[in-house]
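Undergrad: Chains A and B, in that order, give the protein sequences. Residues 217 to 614 in this note's numbering are what the first sequence spells out, letter by letter. Residues 3 to 395 in this note's numbering are what the second sequence spells out, letter by letter. Ideal Cβ positions, reconstructed from N, Cα and C, are used throughout, including at glycine.
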Amino acid sequence: MGLLTGLKVLEIGEHISAPYAAANFVRLGAEVVKIETARGDVSRGYGPYPNARRDKEQSALFLAHNHGKKSILLDLNTSAGQGNLKAMIPHFDLVVENQKLGFFNDRSLGFDEVNTINPSLIWVSILPFGETGPYSNYLADDLILFHMSGNAHGMIGPVEDPNLEPPIRAGGYQSHMVAGLTASTAAMIANYRRLNTGEGCRIVVSELNAMITMAISGIANTAFDHPPPTRQLSKVEGSSIGGMVSAIGGVLKCNDGYVAISPREDAQWERWLEILGNPSWSKDEKFISREGRQNNVSELWDRLTEWSSPKSKFDIAKWGQEKRIPCFPVNTIQDLLVDEHLEAREFFVEIAHTKAGNLLHPGLAYKLSNAELPKGMISAPELGQHTEEILGRYAKNE
Amino acid sequence: MRKMSNLPLSGLRILDFSWIIAGPTAARHLALMGAEVIKIGSSRRPDPSARGAPFQVYNQSKEYCALNLSTSEGLDIAKELVSTSDVVIENFAAGVFERIGLDYQTLKNLRPDVIMVSSAGTGHTGPDKDYVAYGSLLQHYTGWNTISGYGDGEPIKGGLWADPWVGMELAMVTVAAINHRMQTGKGQYIDFSMAESLTASIPSSLLGYQMTNSLPVPSGNEDPINSPHGLYKCQGQDEWIAISIQNATQWESLCGTIGKKEMSLDTRLSSPEKRRNHSSEIDTVITAFTSGLSAHKAMEILQDNDIPAGPSINIAQVYEDPHTIGSGYLTPQTYPNGVTRLMPGMPWTSNLENSFHLEAAPEIGASNLRIYKELIGISSKDYETYLENQIIY
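1) Hey, Leu256(B) and Ile247(B) are a contact pair by Cβ (cut 8 angstroms); roughly how many whole angstroms apart?
2) Leu424(A) and Leu361(A) look like a contact to me (Cβ under 8 angstroms); what is the Cβ gap, rounded to whole Å?
3) Which residues does DSSP pair with Tyr191(B) in a beta bridge?
4) For Lys650(A), which three-state DSSP category applies?
5) Smallest Cα separation from Trp485(A): which of Ala406(A), Ser505(A), Ala611(A) and Leu580(A)?
6) For Arg343(B), tell me which candidate among Thr351(B), Leu360(B), Gly379(B) and Leu209(B) has the shortest Cα-Cα distance.
7) If we cut at 9 angstroms on Cβ distances, does Pro157(B) have a partner in chain A?
8) Between the Cα of Ile567(A) and the Cα atoms of Ala276(A), Thr253(A) and Leu219(A), which residue gives the shortest distance?
9) For Leu354(B), which residues in chain A fall below 7 angstroms Cβ to Cβ?
10) Just the chain B side, please: which residues come within less than 9 angstroms of Glu376(A) by C-beta, in chain order?
11) Measuring CB to CB, does Pro310(B) end up less than 9 angstroms from Ile260(B)?
12) Using a Cβ-Cβ cut-off of 8 angstroms (strictly less than) and excluding sequence neighbours within five positions of Leu11(B), which residues of its own chain qualify?
13) Considering only C-alpha positions, which residue in the set Glu376(A), Asn300(A), Met427(A) and Gly388(A) is nearest to Leu343(A)?
14) Can at least three beta-carbon pairs, one atom from the segment 272–292 of chain B and one from the segment 382–394 of chain A, be found at a separation below 8 angstroms?
15) Between which two residues does the alpha helix (DSSP H) containing Trp517(A) stretch?
16) Which runs of the beta strand (DSSP E) at least 3 residues long sit entirely within the segment 163–222 of chain B? Give them in chain order.
17) Three or more C-beta pairs under 8 angstroms: does that hold for the segment 117–133 of chain B against the segment 183–199 of chain B?
18) Anyone know if the C-beta pair for Phe358(B) and Leu9(B) falls short of 9 angstroms?
19) How would you list, in chain order, the residues of chain B whose beta-carbon sits under 7 angstroms from the beta-carbon of Asp357(A)?
20) So that I know if they touch, is there some Cβ in chain A lying closer than 9 angstroms to that of Arg343(B)?
21) Tell me which same chain residues have a C-beta within less than 6 angstroms of the C-beta of Asp18(B), skipping the five on either side of it?
22) Comparing alpha-carbon positions, which option in Ile158(B), Gly294(B) and Glu224(B) lies nearest Gly466(A)?
23) Can you list, in chain order, the residues of its chain whose CB lies under 8 angstroms from that of Leu553(A), leaving out five sequence neighbours each side?
24) Terminal residues of the continuous beta strand (DSSP E) containing Glu566(A)?
25) Of the choices Trp535(A), Ser498(A), Asp551(A) and Asp531(A), whose alpha-carbon is the least far from that of Trp517(A)?
26) Would you list the one or two residues that DSSP bridges to Asp18(B)?
27) Measuring straight from C-alpha to C-alpha, what distance separates Lys285(A) and Gly387(A)?
28) Just how far apart, CA to CA, sit Tyr388(B) and Ser382(B)?
29) If we ignore side chains and look at the alpha-carbon of each, how far apart do Gly416(A) and Pro235(A) end up?
30) For chain B, check one thing: does any of its Cβ atoms lie closer than 9 angstroms to the Cβ of Phe593(A)?
31) For Met301(B), collect the residues of the same chain with a Cβ closer than 7 angstroms to its Cβ; drop the 5 residues on either side in sequence, then sort them by chain order.
32) Name the two residues that bound the continuous alpha helix (DSSP H) containing Arg409(A).
33) For Val554(A), which of helix, strand or coil comes out of DSSP?
34) Can you list the alpha helix (DSSP H) stretches of 4 or more residues lying completely in the segment 221–246 of chain A, in chain order?
35) Based on Cα-Cα distance, which residue from Trp21(B), Met213(B), Lys64(B) and Asn249(B) lies nearest to Asn228(B)?
36) Measuring only the C-alpha atoms, how far is Arg519(A) from Arg487(A)?
Below is the structure:
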């Protein structure tokens with residue numbers, strides 16, 4: 217059994233944040249019923265798809281976050297749908313949703329109503345800006361949340377002209393992933409309280425504030441009066457640029473991609489030079505100290521790149537780690553799927569899908585001594601696949 | 003002094019041996035939610051993060067005791083603390099905590115239902131378990147950077163949220179394990195891999211590659227579905243606004259708002275795909291509108307017309323943004339020296355009477371007396387000896 221075996225979760229979510237939060241519970245053993253409208257979760261329409269053929273049952277974005285769930289069709293705009301939801305509420309411990317602000321209140325399904333039906337129910341809402349503060353009615357998506365959170369200004373590193381080269385967001389809809397993970401954490405905490413007191417509660421996760429929490433070091437620096445890092449290359453001083461273009465470390469070109477290295481301490485630098493065969497340039501006064509290396513950083517990286525370019529990222533990473541220097545290949549998705557370490561830890565879990573075939577899904581990031589890991593998981597449900605089963609079980613009147 | 007009786011995690015005691023970012027951040031979240039978190043550190047090997055301001059958020063609301071674990075007396079005190087704690091968190095390199103003498107079996111003998119959370123770069127098993135890792139390198143190793151940036155460019159250089167992400171997931175699984183213990187009576191050893199945590203956060207890229215056999219191409223601010231979708235220059239140095247049009251209504255509203263109503267009738271631009279093919283033409287028109295406005299003003303006008311938009315700001319601007327305070331995320335925190343600063347809470351609100359417990363991060367040793375004398379009953383005489391011999395140190 218998993219950590220959450222026995223926990224019953226209702227997901228009224230789509231796209232990424234709420235489905236990902238519920239997916240965390242699935243992987244820990246909870247039973248998750250997902251409510252969809254006839255259109256289906258929008259992520260069914262996003263792909264990518266096998267053979268580039270659009271099919272709402274085979275979208276990678278949908279399959280990634282919905283395996284192991286049961287899907288039921290329920291139109292919450294009708295009184296029948298609302299009635300069925302109310303009939304189900306007493307049988308669940310936790311609801312996670314990411315509908316628009318006011319959606320449930322407008323349909324007489326607000327927390328006060330459901331709390332009357334099930335006083336121990338935990339209701340977790342995910343909203344772009346939360347429900348308090350001046351922007352709570354504003355619209356947003358990953359792009360906007362990412363840029364408003366302060367994370368984008370450090371992403372690509374410093375640029376020649378910040379007025380010509382805009383900040384960028386990361387890939388993978390990270391704002392929604394972060395919001396989903398944050399909602400999972402909040403739900404676990406509320407569930408602890410529920411197990412102790414028998415009481416439910418309502419939690420509202422702000423996606424923006426969740427993303428700002430990922431930049432919490434920067435918040436602390438600002439609170440203590442430190443200026444933010446500059447985006448202008450000519451104004452960069454010292455080693456304060458995310459640690460990745462300086463004497464502290466960086467990324468070197470190789471014949472098969474890139475390798476990330478960080479021989480930041482003097483002792484690490486000396487061991488690094490052994491790997492390079494103690495080249496004569498390294499004896500130059502200007503490269504002896506970390507400060508000197510920082511002051512001559514572009515020449516330094518030119519020298520290192522000259523050495524690394526004809527070599528493999530995997531070899532360099534191995535040589536570095538053998539000498540206890542933090543050093544990793546910049547892995548592509550393909551590299552990850554065949555990584556020996558991840559394989560030894562049985563990180564990926566193969567899940568068979570009736571249409572898309574067998575796919576390797578990322579499993580749990582941890583091994584547990586006293587609970588089972590997700591093996592033999594079932595794939596994502598077809599739209600409405602479990603409507604009869606679930607409504608038959610919980611809403612027999614309908 | 004501690005006012006947490008009504009908070010969700012009140013009653014839990016967490017022993018936090020972790021340092022730097024990820025582990026302390028996880029324990030921080032639990033402390034804010036009401037757990038009693040006792041951080042253990044030593045002046046012999048100080049927490050490297052204590053040199054900077056971020057320490058002040060990673061360690062909010064904690065107790066902080068000094069303990070020299072390299073001595074047998076120090077180890078005995080640690081064991082005494084373990085026997086009275088629900089959770090033990092550590093994030094040393096794989097094997098270090100075991101060599102100190104605090105392996106899971108030992109902990110379990112002291113407290114059979116203890117939950118031990120061990121976080122390391124690549125986990126505690128497997129051929130690469132001893133790899134030396136920093137969060138900034140792990141983001142390259144785990145695939146994060148292969149999906150970020152521009153398709154034709156070199157990997158991004160900036161730091162992402164590797165450690166804070168791990169901190170949040172550590173907090174999640176720790177409380178899940180506590181829930182499990184409440185229902186089964188069983189403790190847990192959690193062997194956590196930071197690398198796996200990061201790789202697990204890009205599942206759609208992993209599945210998409212297996213379906214299509216082509217590697218994901220990072221595309222900066224662009225989107226495979228929506229258009230227009232990007233950053234537009236505003237008035238002022240490095241001022242930009244993000245705009246994302248998600249449906250036909252928003253497109254029509256955007257055209258009207260920027261004074262180009264006729265554009266919404268242009269059949270050449272009637273779908274996201276078509277608009278993407280004419281993106282430079284559209285971007286020029288949008289920029290003509292935004293470039294005369296501050297990013298905040300542009301947001302206000304666009305949002306008032308139901309168009310998703312927001313400024314791209316740096317962390318200092320985030321700190322000063324009206325919503326950061328208005329939403330309740332930053333609240334005033336008074337430090338022992340009398341200075342008040344706005345400090346972060348949790349990224350959620352609730353209908354509970356007490357949402358979270360906020361106290362300034364302590365200095366090392368601040369809770370020595372309370373924990374060592376009051377909690378585990380070390381006598382005054384022994385306490386003095388331990389101080390003198392640099393065991394409580």
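TA: Let's see:
1) 6 angstroms
2) 5 angstroms
3) Met118(B)
4) The structure shown does not extend to residue 650(A), since chain A is modelled only from 217 through 614, so no value can be given for it.
5) Ser505(A)
6) Leu360(B)
7) yes
8) Ala276(A)
9) Cys417
10) Chain B residues near Glu376(A): none, gap ~12 angstroms exceeds 9 angstroms.
11) no
12) Leu32, Met35, Gly36, Ala37 and Val177
13) Met427(A)
14) no
15) Val513 to Ser524
16) 190–195
17) yes
18) yes
19) Ser246, Gln248 and Pro310
20) yes
21) Ala29, Val39, Lys41 and Ile91
22) Ile158(B)
23) Phe564 and Leu576
24) Phe564 to His569
25) Ser498(A)
26) Lys41(B) and Ile91(B)
27) 26 angstroms
28) 10 angstroms
29) 21 angstroms
30) Correcting the residue type first, residue 593(A) is Met in the shown sequence and not Phe. Cβ-Cβ to chain B under 9 angstroms: no for Met593(A).
31) Ile243, Ala311, Gly312 and Pro313
32) Gln390 to Thr413
33) coil
34) 233–243
35) Asn249(B)
36) 17 angstroms
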